[in-house]
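A.B. asks:
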Amino acid sequence: SLMRKNGIPLEVDLSLKRIDFGDEFFYQVIFRDLTEQRKLEKKIRESKRNLEAIFDGIQDRLSIQGPDYRILRVNRPVVERYHTTYQALIGKKCYEAYYQKSEPCEKCPVTVTIETKQPASSVLKVSEADADTTLRKFSYPILDEKGNLISIIEYVQDITEEQRLQEQLIQSEKLAGVGVLA
17 SLMRKNGIPL EVDLSLKRID FGDEFFYQVI FRDLTEQRKL EKKIRESKRN
67 LEAIFDGIQD RLSIQGPDYR ILRVNRPVVE RYHTTYQALI GKKCYEAYYQ
117 KSEPCEKCPV TVTIETKQPA SSVLKVSEAD ADTTLRKFSY PILDEKGNLI
167 SIIEYVQDIT EEQRLQEQLI QSEKLAGVGV LA
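In case it helps, this note's numbering puts the sequence shown at residues 17 to 198.
#1: Assign ASN91 to one of two classes, buried (16 or more other C-beta atoms within 10 Å of its C-beta) or exposed (fewer than that).
#2: Apply the 10 Å Cβ neighbour rule to VAL194 and answer buried if 16 or more other Cβ atoms are within range, or exposed otherwise.
#3: Mind checking TYR85: buried by the 16 CB within 10 Å criterion, or exposed?
#4: Should SER79 go down as buried or exposed, given a rule of 16 or more other Cβ atoms within 10 Å for buried?
#5: Can you find the residues in the same chain that come closer than 7 angstroms, C-beta to C-beta, to ARG48, ignoring five residues on each side of it along the sequence?
#6: Does the Cβ of TYR43 have 16 or more other Cβ atoms within 10 Å, making it buried, or fewer, making it exposed?
#7: Among ASP174, ARG65, CYS124, which one has its Cα closest to the Cα of SER137?
#8: At what residue ranges does the stretch 23 to 81 contain a whole run of the beta strand (DSSP E), taking only runs of 3 or more?
#9: Take LEU151 as the anchor and find which of LEU32, CYS121, ASP72 has the nearest alpha-carbon.
#10: Does DSSP put LYS190 in a helix, a strand or coil?
#11: Just to confirm the assignment, what range does the beta strand (DSSP E) spanning PRO135 have?
#12: Using a Cβ-Cβ cutoff of less than 7 angstroms, which residues in the same chain neighbour THR149 once the five nearest sequence positions on both sides are dropped?
Written out as structure tokens, the structure is:
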């Protein structure tokens, strides 16, 4: 870091080289202004922090997986749901890490997205660590500029309570119908 004449700091990359010419020598000094590069780096860091805050701030489970089902990134609710750490999940296949299975789940939207490169969704009843749950799963492809699938976003909502309430409502409507007939 240097200071300009006007007092404004200047970030520079300084390169110094000695050049010999027989009995004489001189120094070549190159200053490269890094001010704009440092500003861009700062913006990139801020943008990364913002995206991470958004990713972790989503209260439903969110993960990014490779085309081989390997977990690349998860948000905080995934870590909390499975009582583990980020490091313990990264690199594992989703069906192994989440459901202790040896192959992808039946009707998994991630499988559909891998095969079609299109968004997919499904509602699944699964046995998780402590209970049977109903999940609404969405998967979205992330493609490169050539249209190749590079990863998949998996978004999971636990709709167990919603399903239970809906079943109760249906049962109440049936009883009301029976009452009207009687």
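We treat Cβ as the ideally placed atom computed from N, Cα and C, and that holds for glycine.
C.D. replies: For this structure:
#1: Here ASN91 is buried, its C-beta having at least 16 other C-beta atoms within 10 Å.
#2: Label assigned to VAL194: exposed.
#3: The residue is buried, with at least 16 neighbouring Cβ atoms inside 10 Å.
#4: Buried, because 16 or more other Cβ atoms sit within 10 Å of the Cβ of SER79.
#5: Same-chain partners within the cutoff: VAL28, ASP29.
#6: Its Cβ having fewer than 16 others within 10 Å, TYR43 is exposed.
#7: The shortest C-alpha separation from SER137 is found at CYS124.
#8: You should have 28 to 37, 40 to 49, 77 to 81.
#9: Of the listed residues, the one whose Cα sits closest to LEU151 is CYS121.
#10: Helix, per DSSP.
#11: Per DSSP, PRO135 belongs to no beta strand (DSSP E) and is neither H nor E.
#12: Closer than 7 angstroms at Cβ, skipping near neighbours: VAL142, ASP174, THR176.
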